[in-house]
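Student: Pasting a structure below so you can have a look.
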Amino acid sequence: MNMLAEGRPTKQEADLTMPDQDIITTHTGNRALMVDEPLIFEIGSPDRSGVDLPEAPQVASRLGGLERNAPIAIPGLSEGETVRHYTRLSRQNYAIDVGLFPLGSCTMKHNPRLNEKMARLKGFADIHPLQPMESVQGALELIHELAEWLKMLTGMPAVAMSPKAGAHGELCGILAIRSALEARGDAREVILVPESAHGTNPATAAFAGYKVEDIPANSDGRVDLEALKARLGPDVAGVMITNPNTCGLFEPDMKAISDAVHGAGGLVYCDGANFNAIVGRVRPGDLGVDAMHINLHKTFSTPHGGGGPGSGPVVFSEALAPFAPLPIVEKMDNGHFHLVEEETAGDHHASSFGRMVAFHGQMGMFTRALTYMLSHGADGLKQVSEDAVLNANYILRSLQDVLDAPFAHSGPCMHEALFSDKGFTNGLSTLDLAKGMIDEGYHPMTMYFPLVVHGAMLVEPTETESKAAIDQFVGAFRSVAERAKAGDELLKTAPHFAPRRRLDETQAARKPILVWTEPEDFAEAAE
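The opening position of the sequence shown corresponds to residue 934 in the numbering used here, with each subsequent residue numbered one higher.
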């Protein structure tokens, strides 16, 4: 027996003896390691400094009348105070390096440290986009090799590497479709978007100037093929379809959809954000797809979230390849690599619709993605998708007896499992369950999306989670779901064990307080 554990209460015993967290108060406001961290303005004061600087010499100003005429109202902190403040804040973050991140449709997987090491090599991390091409041949070769991998994995003949992220890639694909239609003198105005598509799809089509029309889903959560065929006509430029879709389901009629759209003179855009579920198993080019973006920061492992960085290369069919944006990396006969720009496009890229970005893309993302591909190999990438699908189905089948799984009847899911709030009592909602998951130590799953399911809860475990980790998550999810079905009032005030209690999310969205208001004593100290 472990002597350190002798005499320690079991979890059940601890729960029975634990005082109500709402009753306990501390002098600091902290609760053990859950620190009630103040704003940095509330720690320091502008009338003191953490450093000892000599008086600045009087020199002539070179600011041309833009000199500051009042003190800067920022707090003075020592280095130690500053480091502690931001370190304490960082410990309140949830991250993939802390635990399972169940956000559906986001593919929050573990990022191998080898990828980070490669991305920090000086030949990749320290280059400048305006360097002469002969001095960055290694970087151009890497981009070219990554492009070849993407073409091989998708079965598509061309790829644009410059788009910065998923929605940017969507816009790239739609602009290529518009250019192809205009080139044949075909002014079409409508893009069809199924209900099960990502929310960025209709937004992208509208941004590009198209009218957007919905296509309903059938009872299995997939595109209603007959409804789609019925709407096709000479005004339809194409369809934007997410496959696997936002319900976590593969579209078995994808080839039939593509054939129907092509038969009506339109083109097919596929949202590839969920490529992690099919990489190495299905080539979108074989399904009739004309353009598809690939989120390198999701499928091929780069730290994801926090506003960036991202990378969304777009692969193209033969019909759209001539219209791909510049710049493009080409391998010359002498083995060197050349970055094709507008000035050097010549006849072989004369139909390009232009540029998406000032330079070429995200070098760090490219390096991480290629490292990931070379580490896994073709067989390893195939196993990635298989394991991701296996993990999602394990969660689906482990919880479908306690949570409503609206499409479980239609067969296995792909990369994510979808549940609804059906059966919750006492006015409890998906939001309450999500707050309860915070008390269990997990970032909540994706909520209320997709919109085709009431109170949707979308869970994507990815392939990098072990069975033990998933079992622990399933146990926590089951526990909170059972409380929601039993009408547990405490869920309405959860979380109880987080650094901050439940916020008024409606007011936070409609009337956010984003600027610190300077109190009088702080202003006086600044003066």
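Glycine included, each C-beta is placed from N, C-alpha and C at the ideal position.
#1: Candidates Asn1151, Gln1440 and Pro1432: which alpha carbon is nearest Gly962's?
#2: Let me see if you follow: with CB-CB separation under 7 Å, is Leu1165 close to chain B or not?
#3: Relative to the alpha-carbon of Glu1184, which residue among Pro1258, Arg1111 and Ser1343 has its alpha-carbon at the smallest distance?
#4: Would Gly1102 pass as a contact of Val1247 if the rule is Cβ separation under 7 Å?
#5: Shortest alpha-carbon distance to Asp1147 belongs to which of Gly1171, Cys1346, Leu1423 and Pro987?
#6: For Asp1354, is the classification buried or exposed, using 16 other Cβ atoms within 10 angstroms of its Cβ as the cut-off for buried?
#7: By alpha-carbon positions, which one of Gly1294, Ser1362, Thr1277 and Val1448 ends up nearest to Phe1061?
#8: Mapping DSSP to helix, strand and coil, what is Lys1162?
#9: CB of Ala1072 to nearest heavy atom of the ligand GDP: below 6 Å?
#10: Measuring CB to CB, does Ile1190 end up less than 7 Å from Pro1127?
#11: Where does Ile1547 land, buried or exposed, given buried means 16+ other C-beta within 10 angstroms?
#12: Please determine, among Met1094, Pro1260 and His1348, the residue with the shortest C-alpha to C-alpha distance to Ile1224.
#13: Measure the C-alpha to C-alpha separation of Pro1236 and Ala1058 and round it to an integer number of angstroms.
#14: Near Glu1415, which residues of its chain fall below 7 Å by C-beta distance, leaving aside the five closest residues on each side in sequence?
#15: Suppose contacts are defined by Cβ-Cβ distances below 7 Å. Is Phe1292 in contact with Gly1154 by that definition?
#16: Candidates Gly1118, Leu1125 and Pro1090: which alpha carbon is nearest Ile1107's?
#17: From Asp1280 to Thr1020, what does the alpha carbon distance come to, in whole angstroms?
#18: Apart from the five residues just before and just after His1271, which ones in its own chain have a Cβ nearer than 7 Å to its Cβ?
#19: Mapping the DSSP letters down to three states, classify Met1347 as helix, strand or coil.
#20: Which full runs of the beta strand (DSSP E) of 3+ residues lie inside the segment 1052–1083, going along the chain?
#21: Which parts of the segment 1126–1187 are runs of the beta strand (DSSP E), unbroken and 3 residues or longer, counting only runs that do not cross its ends?
#22: Given that a residue counts as buried once 16 or more other Cβ atoms are within 10 Å of its Cβ, and exposed if not, what is Ala947?
#23: Are the segment 1076–1090 and the segment 1213–1233 touching, with three or more C-beta to C-beta distances below 8 Å?
#24: Near Gly1497, which residues of its chain fall below 7 Å by C-beta distance, leaving aside the five closest residues on each side in sequence?
#25: Distance check for Leu1063 and Pro1177, CA to CA, integer angstroms please.
#26: Along the beta strand (DSSP E) that carries Glu1115, what are the first and last residues, could you check?
#27: Would you tell me roughly how many angstroms separate the C-alpha atoms of Arg1053 and Gly1297, rounded to the nearest one?
#28: Which one or two residues does DSSP pair with Met1380 in a beta bridge?
#29: Can you tell which of Phe1357, Leu1366 and Gly1196 has its C-alpha closest to the C-alpha of Gly1166?
#30: Would you check if the segment 1041–1048 and the segment 1300–1320 touch, i.e. whether three or more CB-CB distances between them fall below 8 Å?
#31: Rounded to whole angstroms, what is the Cα-Cα separation between Ala1442 and Ala1419?
#32: Please report how far the alpha carbon of Glu1319 lies from the alpha carbon of Ala1160, in whole angstroms.
#33: If I measure Cβ to Cβ from Arg1301 and keep anything under 8 Å in the same chain, skipping five residues before and after, which residues do I get?
#34: Spatial neighbours of Arg1024 within its chain, please: C-beta separation below 8 Å, excluding the five flanking residues on both sides.
#35: To the nearest angstrom, how far is the alpha carbon of Pro1345 from that of Phe1140?
#36: Would you identify the three-state DSSP class for Leu879, choosing helix, strand or coil?
Tutor: In this structure, then:
#1: Here residue 962 corresponds to residue number 29 of the sequence shown, with the count starting at 1. Ranking Asn1151, Gln1440 and Pro1432 by Cα distance to Gly962 puts Pro1432 first.
#2: Included in the structure is just one protein chain, with no chain B present.
#3: As a working mapping, residue 1184 is identified with position 251 in the sequence shown. Among Pro1258, Arg1111 and Ser1343, the Cα nearest to that of Glu1184 belongs to Ser1343.
#4: On the sequence shown, position 169 is the one that residue 1102 refers to. On the sequence shown, position 314 is the one that residue 1247 refers to. Contact flag set, yes.
#5: For this step, residue 1147 is matched to residue 214 along the sequence shown. Of all alpha-carbon atoms in Gly1171, Cys1346, Leu1423 and Pro987, the one lying nearest the alpha-carbon of Asp1147 is that of Gly1171.
#6: One-based indexing of the sequence shown puts residue 1354 at position 421. If you draw a 10 Å sphere on the C-beta of Asp1354, you find 16 or more other C-beta atoms in it, and that means buried.
#7: Position 128 of the sequence shown holds residue 1061. Looking at the sequence provided, one finds His at residue 1061 rather than Phe. Of the residues Gly1294, Ser1362, Thr1277 and Val1448, the one whose Cα lies closest to the Cα of His1061 is Gly1294.
#8: For the purposes of this step, residue 1162 is taken as the residue at position 229 of the sequence shown. Here Lys1162 sits in helix by DSSP.
#9: This structure simply doesn't include the ligand GDP, nor any ligand for that matter.
#10: Position 257 of the sequence shown, counted from the start, is the residue given in the question as residue 1190. Position 194 of the sequence shown, counted from the start, is the residue given in the question as residue 1127. For Ile1190 and Pro1127, no; Cβs fall outside 7 Å.
#11: No statement about residue 1547 is possible, as the shown extent of the chain runs from 934 to 1460 and does not include it.
#12: Reading the sequence shown from its first residue, position 291 is the one you call residue 1224. A small fix is needed here, since residue 1224 is Ala in this sequence, not Ile. When only C-alpha atoms are compared, the closest one is Met1094.
#13: As a first step, residue 1236 is located in the sequence shown; it is residue number 303 there, counting from the start. As a first step, residue 1058 is located in the sequence shown; it is residue number 125 there, counting from the start. Taking the straight line from one Cα to the other gives about 16 Å.
#14: One-based indexing of the sequence shown puts residue 1415 at position 482. Cβ neighbours of Glu1415 beyond the five flanking positions: Val1335.
#15: Here residue 1292 refers to the residue found at position 359 when the sequence shown is read from its first residue. Here residue 1154 refers to the residue found at position 221 when the sequence shown is read from its first residue. If you check the CB distance, Phe1292 and Gly1154 do not come in under 7 Å.
#16: Counting from 1 along the sequence shown, the entry for residue 1107 is found at position 174. The shortest C-alpha separation from Ile1107 is found at Leu1125.
#17: Taking the sequence shown and counting its residues from 1, the one referred to as residue 1280 is at position 347. Taking the sequence shown and counting its residues from 1, the one referred to as residue 1020 is at position 87. When rounded, the distance between both Cα atoms is 56 Å.
#18: Working through the sequence shown from its first residue, we reach residue 1271 at position 338. Closer than 7 Å at Cβ, skipping near neighbours: Met1066, Glu1263 and Met1265.
#19: Your numbering for residue 1347 matches position 414 in the sequence shown. Coil.
#20: Listed in chain order, nothing qualifies, since the segment 1052–1083 has no complete beta strand (DSSP E) run of 3 or more residues.
#21: Qualifying beta strand (DSSP E) stretches, in chain order: 1144–1148 and 1169–1175.
#22: Against the sequence shown, residue 947 aligns to sequence position 14. The predicted position of Ala947 is uncertain, since its pLDDT is 41 and thus under 50; a value taken from the coordinates is nonetheless stated next. Counting Cβ neighbours within 10 Å, Ala947 comes out exposed, since fewer than 16 surround it.
#23: Contact holds between the segment 1076–1090 and the segment 1213–1233, because three or more Cβ pairs, one in each stretch, are under 8 Å apart.
#24: Past the boundaries of the shown model lies residue 1497; the chain is included only from 934 to 1460, so the question cannot be answered.
#25: Start at 1 with the first residue of the sequence shown, and residue 1177 comes out as number 244. Start at 1 with the first residue of the sequence shown, and residue 1063 comes out as number 130. Per the coordinates, the alpha-carbon of Pro1177 lies some 39 Å from the alpha-carbon of Leu1063.
#26: As a first step, residue 1115 must be located in the sequence shown, where it is residue number 182. It is not in any beta strand (DSSP E) - Glu1115 instead sits in the alpha helix (DSSP H) that spans Gly1099 to Ala1116.
#27: Sequence index remark: in the sequence shown, residue 1053 carries index 120 (1-based). Sequence index remark: in the sequence shown, residue 1297 carries index 364 (1-based). Their backbone Cα atoms lie some 8 Å apart in a straight line.
#28: For the purposes of this step, residue 1380 is taken as residue 447 along the sequence shown, with counting starting at 1. For Met1380, the pairing in a beta bridge is given by DSSP as Met1390.
#29: The residue given as residue 1166 occupies position 233 in the sequence shown. Answer by Cα proximity: Gly1196.
#30: Short answer: they touch.
#31: By one-based count along the sequence shown, residue 1442 stands at place 509. By one-based count along the sequence shown, residue 1419 stands at place 486. Going from the Cα of Ala1442 to the Cα of Ala1419 covers about 30 Å.
#32: Locating residue 1319 in the sequence shown gives position 386, counting from the first residue. Locating residue 1160 in the sequence shown gives position 227, counting from the first residue. Their backbone Cα atoms lie some 32 Å apart in a straight line.
#33: If you number the sequence shown from 1, residue 1301 lands on position 368. Asn1044, Asn1048, Glu1049, Met1051, Ala1052, Leu1229, Phe1233, Ser1234 and Thr1235, listed in sequence order.
#34: Your numbering for residue 1024 matches position 91 in the sequence shown. Contacts found: Leu966 and Val968.
#35: The count along the sequence shown starts at 1 and reaches residue 1345 at position 412. The count along the sequence shown starts at 1 and reaches residue 1140 at position 207. So the two alpha carbons sit approximately 35 Å from each other.
#36: It is not possible to answer for residue 879, since the shown part of the chain is limited to 934 through 1460.
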